[in-house]
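Visitor: Numbering (UniProt numbering), first residue to last: 1 to 491.
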């Protein structure tokens with residue numbers, strides 16, 4: 001009997017050929033990067049197993065051993081490319097997994113190494129959202145480039161963001177499957193059919209919470225290839241705030257798109273459209289006209305660097321100058337959009353502590369919990385405390401500068417608060433180690449608290465120290481966490 005693996009990676013040998021001057025093929029580099037993120041987010045290498053065939057053999061039939069390995073695997077990751085759809089071996093692996101687990105089980109993850117036309121994709125994948133590892137060439141119309149190649153070195157950050165996004169969803173899927181297995185063991189006769197309703201891997205995380213929290217839904221209009229990265233970036237920000245996005249992918253079925261769009265808009269609170277100077281204005285304008293008829297909030301964006309005067313098409317120029325269009329960089333639009341979409345909640349005035357009791361609180365969070373950290377910072381500052389969050393990496397902030405800033409915060413703050421929700425356990429332990437190392441540079445001990453969300457109640461930090469408090473918080477989170485932190489003797 002074949003050993004069961006958590007993740008099976010299916011790919012074509014041609015996609016792992018090593019380019020001249022390089023030391024690794026694209027697939028090897030991708031898997032190595034993915035495994036680092038999985039390791040960081042799961043805590044230990046033993047917490048997952050990944051299998052790939054290092055000896056692919058072209059179009060020869062699948063061996064019985066590989067067939068059994070595919071069947072026994074929990075998650076199927078395929079690297080979609082012209083080489084993949086041309087390989088009988090790869091397509092047989094996909095067919096075997098789908099026959100065993102179903103294509104809509106939430107267990108099939110598609111890595112789009114290349115852009116394929118709709119009729120070139122395997123029909124079984126038509127409804128699945130893929131992780132696009134390609135971007136449109138800004139200079140050559142109709143040309144796309146693969147992320148993670150020497151020619152796309154300027155898109156290095158986008159490549160790593162895509163791999164990390166995928167790792168986050170893989171971890172969520174794995175945890176969901178393991179919870180399901182545990183329930184199945186406790187309840188003999190339970191079936192797994194409810195997983196079949198999950199068509200997008202990103203939806204796995206929302207199954208448990210559906211019904212308990214009313215989610216905001218935003219329609220983010222599909223865009224041309226020239227804006228695909230910007231759309232992905234916007235969706236990533238929305239996801240950090242637990243905001244659902246429709247449609248599930250960036251593909252359009254021209255024969256049914258109007259009906260599908262109207263159905264999605266009926267479930268949405270806002271219509272967002274990203275614009276540029278590319279063609280295909282017929283579709284872009286049609287999206288806008290359909291949204292206008294739905295009595296829904298409309299927000300449009302274009303880059304402030306776009307020269308609208310160079311647009312010769314009158315209809316296109318009119319749309320770019322429309323009343324709903326914000327001309328800015330994407331970050332400013334995202335911030336404006338989030339404030340408009342999520343207006344501040346009117347709360348009772350917080351009790352402000354006396355000046356002599358006001359503290360400097362360093363709230364250390366991973367990137368996954370950044371939005372949560374901002375919310376907690378706002379709540380604590382309302383009580384009169386001065387709150388600091390870590391710097392976020394960008395082109396202006398070098399890693400050494402970020403490290404020095406973090407060390408300075410730990411040296412001079414009055415209390416340290418760590419938030420453990422979506423960040424990997426290993427990162428929380430790393431934060432603890434960093435704060436412990438700083439004790440020699442401080443005049444007094446550093447009171448530290450870790451707020452553990454309801455999602456991680458069963459996790460064991462395996463860490464103990466003087467002045468360390470573990471706050472295992474329940475709903476409402478993080479409000480309950482803030483109250484527990486303020487009630488402590490340290491602050």
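Note that CB positions come from ideal geometry on N, CA and C, so glycine has one too.
In this text, all values refer to a predicted model and were calculated from it rather than measured experimentally.
1) Using the C-alpha atoms, what's the distance from residue 30 back to residue 115?
2) Taking the CB atoms as reference points, tell me whether residue 372 and residue 419 lie closer together than 8 angstroms.
3) Any idea what DSSP makes of residue 69, helix, strand or coil?
4) Would you mind listing the beta strand (DSSP E) stretches within the segment 393–445 that are 3+ residues and don't spill past its ends, in chain order?
5) What residue ranges within the segment 105–172 form continuous alpha helix (DSSP H) runs of no fewer than 4 residues, ordered along the chain?
6) Can you tell me the Cα-Cα spacing of residue 326 and residue 270, whole angstroms?
7) Going by CA-CA distance only, name the one from 103, 62, 65 and 68 that's closest to residue 77.
8) Provide the residue(s) that pair with residue 364 in DSSP beta bridges, ordered along the chain.
9) How would you label residue 212, buried or exposed, when you count the other beta carbons within 10 angstroms and need 16 or more for buried?
10) Assign residue 101 to buried or exposed, taking buried as 16 or more other Cβ atoms, counted over all protein chains shown, within 10 Å of its Cβ.
11) Could you check what DSSP says for residue 245 in three-state terms: helix, strand or coil?
12) Would you tell me roughly how many angstroms separate the C-alpha atoms of residue 105 and residue 38, rounded to the nearest one?
13) Three or more beta-carbon pairs under 8 angstroms between the segment 247–262 and the segment 313–333, yes or no?
14) Secondary structure at residue 391, three-state DSSP: helix, strand or coil?
15) Is any beta-carbon of chain D found at less than 8 angstroms from that of residue 223?
16) DSSP on residue 336, reduced to helix/strand/coil?
17) Between the C-alpha atoms of residue 7 and residue 27, what's the straight-line distance to the nearest angstrom?
18) At which residues does the beta strand (DSSP E) containing residue 448 begin and terminate?
19) Have a look at residue 489 and residue 448 and give me their C-alpha separation to the nearest angstrom.
20) For residue 192 and residue 179, I'd like the C-alpha separation in whole angstroms.
21) What are the boundary residues of the beta strand (DSSP E) that residue 79 is part of?
22) Among 399, 413 and 402, which one has its Cα closest to the Cα of residue 388?
23) Are the Cβ atoms of residue 90 and residue 10 separated by less than 8 angstroms?
24) Residue 315 to residue 281, Cα distance in whole Å?
25) Determine the contact status of residue 329 and residue 302, defining contact as a CB-CB distance below 8 angstroms.
Guide: For this structure:
1) Locating residue 115 in the chain shown gives position 115, where the first residue counts as 1. Locating residue 30 in the chain shown gives position 30, where the first residue counts as 1. Straight through space, the alpha carbons of residue 30 and residue 115 are spaced by roughly 17 angstroms.
2) For the purposes of this step, residue 372 is taken as the residue at position 372 of the chain shown. For the purposes of this step, residue 419 is taken as the residue at position 419 of the chain shown. Yes, Cβ-Cβ distance for residue 372 and residue 419 is below 8 angstroms.
3) By 1-based counting over the chain shown, the position of residue 69 is 69. In the structure shown, the three-state DSSP call for residue 69 is helix.
4) Runs of the beta strand (DSSP E) lying entirely within the segment 393–445, each at least 3 residues long, are 415–420 in chain order.
5) Uninterrupted alpha helix (DSSP H) stretches at least 4 residues long and entirely within the segment 105–172 do not occur.
6) Locating residue 326 in the chain shown gives position 326, where the first residue counts as 1. Locating residue 270 in the chain shown gives position 270, where the first residue counts as 1. Residue 326 and residue 270 have their C-alpha atoms roughly 15 angstroms apart.
7) Numbered from 1 along the chain shown, position 77 holds the residue referred to as residue 77. Closest by C-alpha distance to residue 77, out of 103, 62, 65 and 68, is 103.
8) Start at 1 with the first residue of the chain shown, and residue 364 comes out as number 364. Note: residue 364 sits in a beta bridge opposite 418.
9) Working through the chain shown from its first residue, we reach residue 212 at position 212. In this prediction, residue 212 scores a pLDDT of 40, lower than 50, which makes its location untrustworthy; the coordinate-derived value is nonetheless stated afterwards. Residue 212 is exposed by the Cβ-count criterion.
10) To locate residue 101, count along the chain shown from 1; it is residue 101. Classified as buried, residue 101 has 16 or more neighbouring CB atoms from the shown chains inside 10 Å of its CB.
11) Taking the first residue of the chain shown as 1, we reach residue 245 at position 245. It is a strand residue.
12) On the chain shown, residue 105 is found 105 positions in, with the first residue counted as 1. On the chain shown, residue 38 is found 38 positions in, with the first residue counted as 1. Whole-angstrom Cα-Cα distance: 21 angstroms.
13) In this structure the segment 247–262 does not touch the segment 313–333; the number of beta carbon pairs closer than 8 angstroms is below three.
14) What you label residue 391 is simply residue 391 of the chain shown in a count that begins at 1. Of the three classes helix, strand and coil, the one that applies to residue 391 here is coil, per DSSP.
15) The question asks about chain D, but that chain is absent: this structure has only one protein chain.
16) For the purposes of this step, residue 336 is taken as the residue at position 336 of the chain shown. Residue 336 falls in the helix class under three-state DSSP.
17) Taking the chain shown and counting its residues from 1, the one referred to as residue 7 is at position 7. Taking the chain shown and counting its residues from 1, the one referred to as residue 27 is at position 27. Straight across, the Cα-Cα distance linking residue 7 with residue 27 is about 15 angstroms.
18) Position 448 of the chain shown holds residue 448. Judged by DSSP secondary structure, residue 448 falls within the beta strand (DSSP E) whose first and last residues are 448–452.
19) On the chain shown, position 489 is the one that residue 489 refers to. On the chain shown, position 448 is the one that residue 448 refers to. With a pLDDT of 42 at residue 489, under the threshold of 50, the modelled position of that residue is not reliable, and no figure is offered here.
20) The count along the chain shown starts at 1 and reaches residue 192 at position 192. The count along the chain shown starts at 1 and reaches residue 179 at position 179. Bear in mind that a pLDDT of 40 at residue 192, under 50, signals an unreliable position, so the number given afterwards is only what the model happens to contain. Annotation: residue 192 to residue 179 spans about 12 angstroms, alpha carbon to alpha carbon.
21) The residue labelled residue 79 in the question sits at position 79 within the chain shown. Start and end: 75–80.
22) Against the chain shown, residue 388 aligns to sequence position 388. Comparing Cα-Cα distances from residue 388 to each of 399, 413 and 402, the minimum goes to 413.
23) Position 90 of the chain shown, counted from the start, is the residue given in the question as residue 90. Position 10 of the chain shown, counted from the start, is the residue given in the question as residue 10. With respect to residue 10, residue 90 sits close: the two C-beta atoms are nearer than 8 angstroms.
24) Working through the chain shown from its first residue, we reach residue 315 at position 315. Working through the chain shown from its first residue, we reach residue 281 at position 281. Spanning the two alpha carbons is a distance of roughly 8 angstroms.
25) Along the chain shown, read from residue 1 onward, the residue named residue 329 stands at position 329. Along the chain shown, read from residue 1 onward, the residue named residue 302 stands at position 302. The answer is no: Cβ separation not under 8 angstroms.
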